[in-house]
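Encoded as structure tokens, the structure appears first; notes follow it.
In the working numbering, the protein residues as written are 4 to 94.
Have a look at this one:
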């Protein structure tokens, strides 16, 4: 088992976004339980997330650029483990 397998997805999201953007506001909510019985739901959660982030790094970026920056910071391996990621990104 690698380190990332042992660390919760919620914690990994929080750590990677904190490191990449030094946000003034960061909320990572595992919303998986509200999707029980729907596509992508996994027992134990950690499949559906709502992220609200506010950081100066996003100043002047388009919505698409902000989303790409967050996905890049999370990395393909972590994004692949997430079924749904709702992003609320601001500067």
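We put the CB at the ideal spot given by N, CA and C, even for glycine. Since the structure is predicted, the reported quantities are computational estimates derived from the model, not experimental observations.
Answer yes or no: do residue 56 and residue 90 have a C-beta to C-beta separation smaller than 9 Å? yes
For the beta strand (DSSP E) holding residue 33, just list the boundary residues, first then last. 28-33
Give the range of the alpha helix (DSSP H) segment to which residue 84 is assigned. Premise fails: residue 84 is in no alpha helix (DSSP H) and is neither H nor E.
Who pairs with residue 74 in a beta bridge, going by DSSP? In the DSSP output, where bridge partners are listed per residue, residue 74 has none listed.
If you draw a straight line from the alpha carbon of residue 67 to that of residue 75, how long is it in whole angstroms? 12 Å
Could you tell me which residues DSSP pairs with residue 55 in its beta bridges? 30 and 91
Just to confirm my understanding: we take residue 70, look at its own chain, exclude 5 residues before and 5 after, and list those with CB closer than 8 Å. What are they? 90 and 92
C-alpha gap between residue 72 and residue 65, whole angstroms: 11 Å
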